[in-house]
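Below: the structure, in C-alpha cells.
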Amino acid sequence: METKNRKRKTELLAPAGTMECFRAALAAGADAVYLGGQQFGARAFAGNFSQEELLEALKLAHFFGRKIYLTVNTLTKDRELEGLVPWLAPFYEAGLDGVIVQDPGVLQRCREAFPGMELHASTQMTVTDSRTALFLKSLGVSRVVPARELSLSELEEMKRRTGMELETFIHGALCYSYSGQCLFSGFLGGRSGNRGRCAQPCRLPYRILGEDGRPAGGEGGSGYPLSLKDLCALPLLPKLLDAGIDSLKIEGRMKSPEYVAGVTAVYRKYIDRYGEDPEAYRVDPQDLELLARLYLRSEQSDGYYRRHNGREMITPDRPGYAGCPESLTEEIRKKYVDRPLTRPVDLEISLRAGEPARLEALCGGVRAQAEGMVVQSAKSRPLDEASVARQLAKSGGSCFSVRDQKIEMEGDLFLPLSAINELRRSALDRLFEEMTRVQPRVRPEEAEGEKLPLPPWRRERSGRGGAADGEIRFFASAQRPQQALEAAARPAVKRLYIPSDAALSEGWEEVFSAVAGRKREDPDFSLFLTLPVILRSYSEGYLEELGAWLGEEPAGELVDGMMACGFSGLLWLREIGWDRGISLAHTASIFNRAAHDFYMEQFGADSYTASLELNRRELEALPARDREMTVYGRAPMMIAANCVKKTAGLCRAERTQESLERSGRGKRAGGKEEEFYLQDRYQARFPVKIDCRHCMNTVYNSVPLSLHQYTEEIVRSGALALRLDFTVEGRAETKGVLDLFCQGGPVPKSYAYTTGHYKKGVQ
C-alpha cells in the first residue's frame, strides 16, 4: 500500500478464536491473523487452536501469503514455563511468523530457544514510552504494541525515536485499566486478567461517591462508570497510516466469524482506498453504521488517540452489547465465512500414447508436476478435449480454482477419467506443499541459543540477604505524610517508601525531617522513593525536576534508593546513572524465576516484590533472600488514564500534552490529591485515588490484604522483609496496623481484610 508520506505496506491484523474465524479473516482481506493456542494465551475463554489446527492454519496462511502471530501473552507460573519450549517447537519449525509476549521470562526463553522468530511486545507489557521500546528493541523485540492509552502524537514520537514496528488497536473493546496493570478480576473472583481469564468487573454497575461518602456528580455518577465505549478508529485511519503505524489491529478473539469478517472487510476497503487516492479519502456513513450494527456497546469512540481521558468515552447506561441483526449476519456469512478460499491455478496437461500422462500446475510463480497412468491408443470412443477439461476444472476440496487450461493431445487416446482426476489431485497437492514449504529452522534443542544482551551499564547489587533466623524486618510504604510519620517512628520499620512526588510537593517537609532524625539514631534505617507506575512522554519534565532534586542536598544524605514500578522507571534510573539502591514493585509482574533473573541481570535490582497474584507455593519457586513480601495493604486493582471525577462531571480540565507536562512540574503541581469511592452492587466501597499531577486514577481494593496470621511462616521462608503498604488509611488506622504487625497487638474486632491470593492463587 502507498500513502502520501511513504511507500510501504501497512498490515491489517485480524483476530481469530477458532478456525472458522481464521478463514473468515483471510477471506475478508487480513494481512495477518493473531490467535492463541490452548496454552499461554490471554483469551482463555476463546475457542483457541489445537496443535493440529494451528499447524493447518500456518500452512493456509503462508499459502495465501499471510502471516500468523501466536499469543503467548500471559504471566506464566514457574512450573508452566518448563513446558513453553516443547509446546512452541512444532509451530516454530512450521514457520510461525512471530509470538506476542508479556512475561519477561517468556521473552527470554523464546529469544534463547527460537532464533530468527519475531518477538512482539504485547500491550500487556504496558509500554508507554520510547525508553521502554528502545530497551525491548535491544533485546531482539521487533514490534511493540504500545499501551492503548497513548495519543497519536505519542505514537508518532515513539515511531520517530525508535524506528521500531508499532502495532496499534483500531477497533473493538477497550479496557478501563492500563493493560497489564489490572488485578480487579483476579482479586474479586480468582480469574486473573493477566492470565487470560478476565471476568470483566469493569462492565458491572458502580456508584461514584465523594470523600464524604455521598453520591458524586449527576448522571455520570451512577451506572457503569468503568465501562468504556468500543473503539472505532475508521475516521482516523489516514492519520494512523501517515504516522507510520506498521500494523492496525482489530480486537476480538472471542467474537464471531461474522464479526471478524465484517470488521476486517471494512478496514481492508478503507486502507486500500487511502492507498489509492489519499486526497479522496472519505468514510461512507453506511460503513460506520455497519460496524455499529455488527457488535455495538452503546456508542463508539476513537479512544485515546485524540484525548487523554473523558466522560465522552464512557457508556454509563449500557455495558452490554446489542445483538447483530440476523439478516446482516447471514449476508456476511455468505460473502466471506462460507466462501471457499482459493488461489487461481493454471494447468497444462500432456497426453501421448505410450507415455505417462503429465500435468503441470502453476500458481504464484511456483510450479509442480505430476505423472499418472500410461496413455493408451483408443480402440473405440476416444477421449475428447472437453472431457479432459471438465475433469481438470474439478478443483473442489483444494485451495485452488482453475483459471486457465492448456491441453495437448495427439491422436485417438484412451485414459480413464478417474486417472485424470487422480493426476489433478496429485499435481495440486504437490503444488500446495511446494507453496507452503518453509525454510528449515534449527530445532530448539539443537540451537546454541542467543542469550539476552547484558546492558553496557550495570550496577552492583548490595548483596544484602534475607532476614537472619527468627528476625522480623519490616518495611513500610506510605502514600500520605501522616502515614509516613507513624511508620518512621517505629523501630521495627527499617525502610520507608514514600512517593517520589513527595520530593516535589508541599506537605512532606516534616516527613523528611523525621527521616533525617531517624537515620541519625538508626544507621540501618533507609528511605526509598517510589516512582510513578506510569511514565509517559509528558513525564519528562517531572523526571527532569526529580533528577535535579536527587542530585542536590539533602537528597544525597536522605534518599538511599528508589522503587521502580516497571521498565520505564528502571530505564530512567539507568539513564541518570543511579548508583544507590533499587527495589522492584509488584507492578513489574514477576511471576517466575526467569523473570526475576531477567530483572536482576538487566538492572541489578537489590530487592523485588513478586506479583500479588501468586500463592504461597508459587512464591516458593522464586528467590526469597531478596524478596519483599507484602503482608498488608489495599491492592491497586486498576491503574487508569481515565478519571472517575471527570466521569462524575466534577472536572472540566481538557488535558493536552503541554498541560500534562506542566502539571508534573513544581511544588504545587496537580493541586490537592483527592479521594473518591466506587460502590458496587453489594455496597462494597473501592477507594479511588485521583492523581491530578500525573492525571491518572488508582482504584484500590475495598478491603486490605492482611497476612498477620502468616508472618512467622513468611519469615521462615527467608524473605528479606515484610512490607506494610499504606494507601488511604488515616493516622489512627495506620497506628493500629503498625501495632498489630510490629508489636503483636490485638486484631481489632471490626478489622475487615482479605488474605488475597496467598492461600489459593489465581487461575
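This note's numbering puts the last residue of the sequence shown at 2182; the count rises by one with no breaks. All residues carry an ideal CB built from backbone N, CA and C; glycine is no exception.
Any idea if A1887 is buried or exposed, counting beta-carbon neighbours within 10 angstroms, 16 or more meaning buried?
Caution applies to A1887, whose pLDDT of 48 falls short of 50 and renders its modelled position unreliable; the value that the coordinates give is listed next. A1887 is exposed by the Cβ-count criterion.
Just the Cα atoms here: how many angstroms apart are A1447 and F1482?
If you take the alpha carbons of A1447 and F1482, they lie about 16 Å apart.
Name the two residues that bound the continuous beta strand (DSSP E) containing I1751.
No beta strand (DSSP E) contains I1751, which is instead part of the alpha helix (DSSP H) from 1745-1751.
What residue range is occupied by the uninterrupted alpha helix (DSSP H) comprising R1843?
It spans 1836-1854 - the alpha helix (DSSP H) in which R1843 sits, taken as one unbroken run.
For G1559, the first and last residue of its enclosing alpha helix (DSSP H)
For G1559, there is no enclosing alpha helix (DSSP H), as DSSP marks it with neither H nor E.
Contained alpha helix (DSSP H) runs [length at least 4] in the segment 1682-1746, N- to C-terminal order
You should have 1704-1713.
First and last residue of the beta strand (DSSP E) that includes K2108?
Annotation for K2108: the continuous beta strand (DSSP E) segment containing it runs 2104-2110.
Can you give the Cα-Cα distance for T1422 and S2121, rounded to whole angstroms?
For T1422, the predicted structure reports a pLDDT of 36, less than 50, and the residue's modelled location is therefore unreliable. The matter cannot be settled from this model.
Mind checking Y2101: buried by the 16 CB within 10 Å criterion, or exposed?
Around the beta carbon of Y2101, fewer than 16 other beta carbons lie within 10 angstroms, which makes this residue exposed.
Have a look at R1786, V1793, V1857, L1781 and flag the residue whose alpha-carbon is nearest the alpha-carbon of D1823.
The candidate whose alpha carbon is nearest that of D1823 is L1781.
Can you give the Cα-Cα distance for S1596 and E1512, rounded to whole angstroms?
Taking the straight line joining both Cα atoms gives about 37 Å.
Per-residue DSSP class, three states only, for G2000
In the structure shown, G2000 sits in a strand (DSSP, three-state: E or B).
Can you name the residues that DSSP bridges to K1668?
Partner(s): L1432, F1588.
Could you give the DSSP three-state label for A1921: helix, strand or coil?
In the structure shown, A1921 sits in a helix (DSSP, three-state: H, G or I).
Give the straight-line distance between the Cα atoms of P2055 and C1594, rounded to the nearest whole angstrom.
Approximately 16 Å, taken between the alpha carbons.
Under a three-way DSSP split, which group does R2242 fall into?
Only positions 1420 to 2182 of the chain appear in the structure, and residue 2242 is not among them; the question remains open.
Among S1746, Q1788, R1752, the one whose alpha carbon lies nearest that of L1766:
It is Q1788 whose Cα lies nearest to the Cα of L1766.
Under a Cβ-count criterion, where at least 16 other Cβ atoms within 10 Å of its own Cβ denotes burial, should Q1902 be classed as buried or exposed?
Looking at its Cβ environment, which holds 16 or more other Cβ atoms inside 10 Å, Q1902 is buried.
Going by other Cβ atoms of all chains shown within 10 Å of its Cβ, with 16 needed for buried, is V1857 buried or exposed?
A residue is called buried when at least 16 other Cβ atoms come within 10 angstroms of its Cβ; V1857 does not meet this threshold and is exposed.
Of the residues C1440, K2168, A2072, which one's Cα is nearest the Cα of R1752?
Nearest C-alpha to R1752: C1440.
Give a yes or no on whether the minimum CB-CB distance between E1853 and chain C is below 9 Å.
Of the protein chains in this structure there is only one, and it is not chain C.
Could you tell me if D1943 is buried or exposed, where buried requires 16 or more neighbouring beta carbons within 10 angstroms of its beta carbon?
Result: exposed.
Neighbour-count burial assignment, S1837, 16 or more Cβ in a 10 Å radius
Only exposed fits S1837, as fewer than 16 other CB atoms lie within 10 angstroms of its CB.
Determine the extent of the beta strand (DSSP E) in which Q2182 is found, giving its start and end residues.
It is not in any beta strand (DSSP E) - Q2182 carries neither H nor E in the DSSP assignment.
Alpha carbon to alpha carbon, what distance is there between G1980 and T2028?
So the alpha carbons of these two residues sit roughly 15 Å apart.
Just to confirm, is the Cβ distance from L1494 to S1598 under 9 Å?
Cβ distance not < 9 Å, so L1494 and S1598 don't count as in contact.
Quick check: the Cα distance between S1820 and L1811, rounded to an integer number of angstroms?
Just so you know, the alpha carbons of S1820 and L1811 end up roughly 10 Å apart.
Extent of the continuous alpha helix (DSSP H) to which G1988 belongs:
Unbroken alpha helix (DSSP H) run through G1988: 1986-1994.
Run through DSSP, which three-state label would M1536 get?
In the structure shown, M1536 adopts coil according to DSSP, grouped into three states.
Expressed to the nearest angstrom, what Euclidean distance is found between the alpha-carbon atoms of Q1719 and A1435?
The alpha-carbon separation between Q1719 and A1435 amounts to approximately 22 Å.
Would a C-beta distance cut-off of 9 Å place Y2051 and L2003 closer than the cut-off?
In this structure, Y2051 keeps its C-beta atom at 9 Å or more from the C-beta atom of L2003.
Taking DSSP's pairing of strands, which residues face C1651 in a bridge?
When beta bridges are read from the DSSP output, C1651 appears opposite H1590.
Taking the beta strand (DSSP E) that M2115 falls in, what are its first and last residues?
Per DSSP, the unbroken beta strand (DSSP E) holding M2115 starts and ends at 2115-2119.
contact_flag[the segment 2059-2071, the segment 1728-1735] where n(CB pairs < 8 Å) is 3 or more:
Put simply, the segment 2059-2071 touches the segment 1728-1735. At least three CB pairs are less than 8 Å apart.
Ignoring anything shorter than 3 residues, give me the beta strand (DSSP E) runs that lie fully in the segment 1956-1986, in order along the chain.
Here the runs fully enclosed are 1980-1983.
Note down, in chain order, each residue of its chain lying with its Cβ closer than 7 Å to the Cβ of Y1678, except the 5 sequence neighbours on either side.
Only G1671, L1713, Y1714 meet the Cβ criterion.
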